[in-house]
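The structure under discussion appears below in the form of structure tokens.
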Amino acid sequence: MDNINFEVLSSIFSKARISPYASANSTANQILAKYHINIMLSEAMIPTLHYLEICLRNRINQVLQKYHSANWLMKSPSSLMISEQDIKKIEDVIFKLKRETKREPKHDDIVAQMTFGFWVSFFHRKYDPSIWHRKDTFKIIFPNLPRANRKRSYLEAKILKIKNIRNRIAHHEPVWNRKTSILDAHAMCHELIAAMSKEAIEMLRAIDRFPKIYQNF
Numbered sequence: 043m044d045n046i047n048f049e050v051l052s053s054i055f056s057k058a059r060i061s062p063y064a065s066a067n068s069t070a071n072q073i074l075a076k077y078h079i080n081i082m083l084s085e086a087m088i089p090t091l092h093y094l095e096i097c098l099r100n101r102i103n104q105v106l107q108k109y110h111s112a113n114w115l116m117k118s119p120s121s122l123m124i125s126e127q128d129i130k131k132i133e134d135v136i137f138k139l140k141r142e143t144k145r146e147p148k149h150d151d152i153v154a155q156m157t158f159g160f161w162v163s164f165f166h167r168k169y170d171p172s173i174w175h176r177k178d179t180f181k182i183i184f185p186n187l188p189r190a191n192r193k194r195s196y197l198e199a200k201i202l203k204i205k206n207i208r209n210r211i212a213h214h215e216p217v218w219n220r221k222t223s224i225l226d227a228h229a230m231c232h233e234l235i236a237a238m239s240k241e242a243i244e245m246l247r248a249i250d251r252f253p254k255i256y257q258n259f
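Counting the sequence shown from 1 gives a position; this note's numbering is that position plus 42.
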């Protein structure tokens, strides 16, 4: 569009939102181009983030059901030591499901409603005794992860970087200029998905447009 100017961009997106895309000599069209690149890269990450989050929450749920309780989200076992803050999140989800469905929610209903941040919290070192020091945890969650990398700290570092990029995408923030690049985040997601399931990573690759989109920029 040839008639784009700073006033138009500011009225649509706000000055605060477009400022990360601007440099000293940027034209309005250059700013808009960068803004659109950010949208397209963010969009292209969605399938990868989808596979990571779904696989991860299901595998963590399997471990917690094995070592703690089949319905650990319905009634948190003391052995798991879930924080009061996270218990409140679970209670809020249960209340929301009851209100919306007019029935008692099942465990799987709650699993599907818990946020990515909730599942990421289980990578904190406080869960070493109840999760990560258990005999089969890595075998269940990350069966294909090289033995040298089977450390909670190794996984936590990657998961937190992915979470940061994911949250920025969810809130329509810039991802093209971050310390952990969106390309790095994409690679880390693929590493963890492959570590969880060889089949999942093959299915994802069949629809993953991110490498092509990124290459075009």
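Backbone N, C-alpha and C define an ideal beta-carbon position, used for all residues, glycine too.
Looking at C-alpha atoms only, which residue of the options is the closest neighbour of residue i?
i	options	result
residue 115	84, 92, 147	147
residue 153	233, 80, 102, 234	102
residue 246	254, 195, 235	235
residue 232	189, 125, 98	98
residue 84	117, 242, 206, 237	206
residue 166	185, 125, 214	125
residue 193	169, 215, 210, 212	169
residue 119	48, 131, 106, 130	106
residue 155	244, 62, 201, 95	95
residue 82	209, 216, 130, 145	216
residue 243	90, 53, 58, 61	90
residue 132	212, 190, 117	117
residue 62	121, 111, 214	214
Given that a residue counts as buried once 16 or more other Cβ atoms are within 10 Å of its Cβ, and exposed if not, what is residue i?
i	result
residue 92	exposed
residue 172	buried
residue 135	buried
residue 199	exposed
residue 56	exposed
residue 227	buried
residue 137	exposed
residue 145	exposed
residue 259	exposed
residue 189	exposed
residue 143	exposed
Consult DSSP for residue i and reduce its assignment to one of helix, strand or coil.
i	result
residue 176	coil
residue 217	coil
residue 188	coil
residue 161	helix
residue 46	coil
residue 85	helix
residue 253	helix
residue 259	coil
residue 239	coil
residue 61	helix
residue 110	coil
residue 262	This structure cannot speak to residue 262, because the chain is shown only from 43 to 259.
residue 80	helix
Considering only their Cβ atoms, is the gap separating residue j from residue i smaller than 8 angstroms?
i	j	result
residue 182	residue 257	no
residue 174	residue 80	no
residue 252	residue 87	yes
residue 73	residue 66	no
residue 149	residue 113	yes
residue 51	residue 70	yes
residue 230	residue 204	yes
residue 160	residue 128	yes
residue 202	residue 162	yes
residue 240	residue 186	yes
residue 210	residue 109	no
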